[in-house]
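To start, the structure under review is shown below, and the notes come after it.
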Amino acid sequence: MKRTLGASCAVLVLVALAPAQAWANPQHERMKRCNAEAKEQALKGDARKAFMGTCLRGKHEPAAPAAASGAAAAPLAAVAA
158 MKRTLGASCA
168 VLVLVALAPA
178 QAWANPQHER
188 MKRCNAEAKE
198 QALKGDARKA
208 FMGTCLRGKH
218 EPAAPAAASG
228 AAAAPLAAVA
238 A
């Protein structure tokens with residue numbers, strides 16, 4: 158009995174110390190991303206509501222930053238050369 162109790166306590170401590178990202182699920186990540194995009198675009202009211210609805214359903218294409226697309230293209234150009 159004491160062994161089981163000790164093992165249970167050890168498991169609870171390990172679970173409590175697990176990194177926060179291990180708890181995040183895809184829906185939570187999508188909510189964070191959509192919320193950040195809506196804030197960037199300074200959307201308010203009905204426009205924000207409509208944007209969040211399409212974004213959370215996954216029908217919204219995220220805006221790709223120009224720096225990221227340029228950085229991604231550079232390694233491909235090096236491979237092609």
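First residue of the sequence shown: 158, per this note's numbering; consecutive thereafter. For every residue, glycine included, the Cβ atom is placed at its ideal position computed from N, Cα and C.
By Cβ distance below 6 Å, which residues in the same chain neighbour ASP203 in space, the five residues on each side in sequence not counted?
Numbered from 1 along the sequence shown, position 46 holds the residue referred to as residue 203. Once the five neighbours on either side are set aside, ASP203 has no close Cβ partner at all.
Neighbourhood of GLN184 by C-beta, 7 Å cutoff - its chain only, sequence neighbours within 5 removed
Here residue 184 refers to the residue found at position 27 when the sequence shown is read from its first residue. There are no such residues.
Where do the ends of the alpha helix (DSSP H) carrying ASN192 lie?
In the sequence shown, the residue the question calls residue 192 occupies position 35. Residues 183-197.
Assuming ALA195 contacts ARG205 (C-beta within less than 8 Å), just tell me the rounded distance between them.
Reading the sequence shown from its first residue, position 38 is the one you call residue 195. Reading the sequence shown from its first residue, position 48 is the one you call residue 205. Right, the Cβ-Cβ distance comes to about 5 Å (below 8 Å), so this counts as a contact.
From the DSSP output, in three-state form, read off LEU200 for me.
Along the sequence shown, read from residue 1 onward, the residue named residue 200 stands at position 43. Note: LEU200 maps to coil in three-state DSSP.
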